[in-house]
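Each protein sequence line maps, in turn, to chains A and B.
Quick note on this note's numbering: the first sequence kicks off at 475 and runs consecutively.
Quick note on this note's numbering: the second sequence kicks off at 65 and runs consecutively.
Structure first, commentary second.
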Amino acid sequence: MMDIFFSIALSGLTSGAMYALATLGLSLVWGSMGMLNMAHGAMLTLGGYAAFAVVMQMGLPGPLGFVAALGAGALVGALLYMLVVKPLLRAEVASFETAVLMATVGLATALENSILLTFGGQPLAQPVKSDGMLQIGQQGVPYQSMVVIGVALILMGITAYVLQHTRAGRAIRATTQNRDAAQLLGIPVGRVYLQVLMFSGALAGICGCLVSSITQLSPTLGADPMLKAFIMCVVAGLGNLPGAVLAAFALAFIEAIVQYVFGGRWGFPVLLGLVILVLVWRPTGLFGRAQIRRL
Amino acid sequence: MLKPKPAAALVLDGVTAGYGGLTILRDISLRLLPGHMVTVVGPNGHGKSTLLKTISGMTQQSSGRIWIGEDEITSLPAHAIAGLGVAHIPQGDLLFPEMTVEENLLMGAYLTAEQAQIEQRFDEVYRLFPKLAGRRDQTASTLSGGERRMVGIGRGLMMGTQLLLIDEPSLGLAPLVIDQIYEAIGALKASGRSILLVEENPARVAELSDEMHLLDDGHIVWSGLPAELLKRDELLATYLGG
Chain A
475 MMDIFFSIAL SGLTSGAMYA LATLGLSLVW GSMGMLNMAH GAMLTLGGYA
525 AFAVVMQMGL PGPLGFVAAL GAGALVGALL YMLVVKPLLR AEVASFETAV
575 LMATVGLATA LENSILLTFG GQPLAQPVKS DGMLQIGQQG VPYQSMVVIG
625 VALILMGITA YVLQHTRAGR AIRATTQNRD AAQLLGIPVG RVYLQVLMFS
675 GALAGICGCL VSSITQLSPT LGADPMLKAF IMCVVAGLGN LPGAVLAAFA
725 LAFIEAIVQY VFGGRWGFPV LLGLVILVLV WRPTGLFGRA QIRRL
Chain B
65 MLKPKPAAAL VLDGVTAGYG GLTILRDISL RLLPGHMVTV VGPNGHGKST
115 LLKTISGMTQ QSSGRIWIGE DEITSLPAHA IAGLGVAHIP QGDLLFPEMT
165 VEENLLMGAY LTAEQAQIEQ RFDEVYRLFP KLAGRRDQTA STLSGGERRM
215 VGIGRGLMMG TQLLLIDEPS LGLAPLVIDQ IYEAIGALKA SGRSILLVEE
265 NPARVAELSD EMHLLDDGHI VWSGLPAELL KRDELLATYL GG
């Protein structure tokens, strides 16, 4: 019985940490910009491959792979702002939300196909990981699971600190809550959007590195975490960061339990069923504000 | 044509502005001297708020020029205009609803690096609106209309500017609260700040104002001393309904 509990707890915590990290970036962008970044999954994939390239192809040490994942994600975030978001905001299109959603679908396709052309479609092993296991009594905890959970917790802590206690974080929160008021107080909203997309991209890059260290690298690596992150965001209420993190861990535990009891293939259908139930019960999500945007 | 003079806190020269292809303001010229209060009155929906939004960069200007002091701010982005010393206190307050009173006020000092200055401004705001001191940890979304207006004005003061643009501070408030708000605005004027105020009712602000402009359908149709406007029954009846 202890074995089962331990196994579910470890699986739930590891998946929850990865989902939370993926969800955090997606939710941050939605909350502050009203933008659903459909390229978030592809940015995650790029992070995984950037780490791979730096370590396997350039022969640099593992920690630099991590830095490369972060940098690649942040760079794509910056390019996304400069090449897509900024022109769309300037053009004052009728529906920014719809236009940017379509544009990021295009960016995701371009990124995934670039990765496919560069690295091929065969699965690759992520070299940036810790092998081995920590024995606790009769139970073994993989070092990589500890790294995933630890890194995710550190990044969530950094995000919370930045948002609550720094000038840049206060500017992000102000822009999220009232864009016009933020501008009137001297906050350069364009720069805030750039920072948010770079930060979210960096989180996605690191998340891609972590996810691929547990699974494998493939050009569609980010698709599953992106879909799960979207589900967590919807369940929590779009744009609610603490709610999204809580939903990520809760749903990861539910998924782990369902997979153990009913088999691996039941995990995702049950998650989708829960989303439907939550949306019927609370259309704005568990922690969402009563605000509906029609696209 | 008005020429910018260093002595003026704010000068508008032939400003035309609107939203998209729709022109709201037409050829507006006015001057605000340092330490003075100029009030723009007029019926609802005739461009009073758009005038303030144009000065603060929130509405696109199609022609004309604007100066604050010696700096030309024509067509600058809103955040840059705020950085040059314009505090726009908009209609409806535009507070940050999930932040506390203190956090909202602190956001006003976003461009101020010196902690001592920030503390000084907090003291001034709490002296002006003692009620806010007791509400500093309360979330903005839970405040009453009058308290929200006080936070809005306080947040503008936290910017530390000498030029205030105040949009209908009495809108939707009880008479007693309106008196408190105008008492505070009087204190701000007495402190030497230059104020451009937008109001629907000229009688309410006549004593405080140095000059009044009557805005109708995006044009300034009359300018002069407040006492003169109050004597012009035909103007009041035609443009302000009585």
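All C-beta atoms in this analysis are idealised placements derived from N, C-alpha and C, irrespective of residue type, glycine included.
Taking residue i as the reference, which of the options has the closest Cα?
i: Ile259(B); options: Ile217(B), Met163(B), Glu298(B), Leu158(B); result: Ile217(B)
i: Ser687(A); options: Ala710(A), Ser501(A), Met620(A); result: Met620(A)
i: Met539(A); options: Thr689(A), Val752(A), Thr578(A), Ala525(A); result: For the sequence presented, residue 539(A) should be read as Gly rather than Met. It is Ala525(A).
i: Gly325(B); options: Glu188(B), Ala142(B), Gln155(B), Ser126(B); result: This structure gives no information on residue 325(B), because the portion of chain B shown stretches from 65 to 306.
i: Ile182(B); options: Val104(B), Asp201(B), Gly220(B); result: Gly220(B)
i: Gln226(B); options: Ala270(B), Gly128(B), Leu148(B), Leu279(B); result: Leu148(B)
i: Asp9(B); options: Leu304(B), Asp297(B), Ala270(B); result: The requested residue 9(B) is not part of the displayed model; chain B covers only 65 to 306.
i: Val150(B); options: Leu74(B), His277(B), Glu271(B), Trp286(B); result: Leu74(B)
i: Leu61(B); options: Gly250(B), Trp286(B), Arg257(B); result: The structure shown has nothing for residue 61(B), since chain B only spans 65 to 306.
i: Met122(B); options: Gly486(A), Asp654(A), Phe742(A); result: Asp654(A)
i: Gly675(A); options: Pro757(A), Ala546(A), Tyr734(A); result: Ala546(A)
i: Val468(A); options: Trp740(A), Tyr667(A), Ala697(A); result: Outside the displayed range of chain A (475 to 769) lies residue 468(A), so it cannot be described from this structure.
Under 9 Å between beta-carbons, which chain A residues line up against residue i? List them in chain order, please.
i: Tyr174(B); result: Arg641, Arg644, Ala645, Ala648, Ala656, Leu659, Gly660, Ile661
i: Ala146(B); result: Gln657, Leu658, Leu659, Gly660, Ile661
i: Met214(B); result: The contacting residues do not exist; Met214(B) stays about 16 Å from chain A at best.
i: Pro154(B); result: Asp654, Ala655, Leu658
Residue i versus chain A: which residues are under 8 Å apart at the beta carbon?
i: Met223(B); result: Leu659, Gly660
i: Gly122(B); result: The sequence shown places Met at residue 122(B), rather than the Gly named in the question. By Cβ distance, chain A contributes Asp654, Gln657, Leu658.
i: Met276(B); result: In chain order: nothing, as chain A lies at least about 25 Å away.
Using three-state DSSP, classify residue i as helix, strand or coil.
i: Thr206(B); result: helix
i: Gly660(A); result: coil
i: Glu298(B); result: helix
i: Asp157(B); result: coil
i: Ser569(A); result: coil
i: Ile478(A); result: helix
i: His110(B); result: coil
i: Leu520(A); result: helix
i: Ser501(A); result: helix
i: Ile589(A); result: helix
i: Ile88(B); result: strand
i: Leu712(A); result: coil
i: Thr583(A); result: helix
i: Leu598(A); result: strand
i: Glu136(B); result: strand
i: Leu695(A); result: coil
i: Arg129(B); result: strand
i: Thr578(A); result: helix
i: Ser255(B); result: coil
i: Ala173(B); result: coil
i: Leu116(B); result: helix
i: Val749(A); result: helix
i: Leu293(B); result: helix
Using beta-carbon positions only, say whether residue i and residue j come within less than 8 Å of one another.
i: Ala804(A); j: Lys702(A); result: Since the first residue of chain A shown is 475 and the last is 769, residue 804(A) is not available in this structure.
i: Ala267(B); j: Leu240(B); result: no
i: Gly536(A); j: Pro616(A); result: no
i: Leu192(B); j: Arg199(B); result: no
i: Val105(B); j: Glu247(B); result: no
i: Gly713(A); j: Ser501(A); result: yes
i: Leu116(B); j: Asp231(B); result: yes
i: Leu94(B); j: Leu76(B); result: yes
i: Gly624(A); j: Gly521(A); result: no
i: Ala577(A); j: Leu598(A); result: no
i: Leu89(B); j: Thr103(B); result: no
i: Leu544(A); j: Ile680(A); result: yes
i: Thr488(A); j: Val685(A); result: no
i: Ala656(A); j: Ala648(A); result: yes
i: Lys143(B); j: Gly660(A); result: Checking the displayed sequence, the identity of residue 143(B) turns out to be His instead of Lys. Yes. Within cutoff.
By DSSP's criteria, residue i is part of a beta bridge. Which residues make up the other side?
i: Met276(B); result: Thr103(B), Gly288(B)
i: Leu261(B); result: Thr103(B), Ile230(B)
i: Val150(B); result: Leu227(B)
i: Arg95(B); result: Val75(B)
i: Val615(A); result: Leu608(A)
i: Gly82(B); result: Thr87(B), Gln124(B)
i: His283(B); result: Asp280(B)
i: Thr164(B); result: Thr203(B)
Note down, in chain order, every chain A residue with its Cβ under 7 Å from the Cβ of residue i.
i: Ala142(B); result: Gln657, Leu658
i: Pro107(B); result: Simply none; closest approach about 24 Å.
i: Gln100(B); result: Checking the displayed sequence, the identity of residue 100(B) turns out to be His instead of Gln. Simply none; closest approach about 22 Å.
Which residues in chain B have a C-beta closer than 9 Å to the C-beta of residue i? List them in chain order.
i: Asn652(A); result: Leu158, Leu159, Phe160, Pro161
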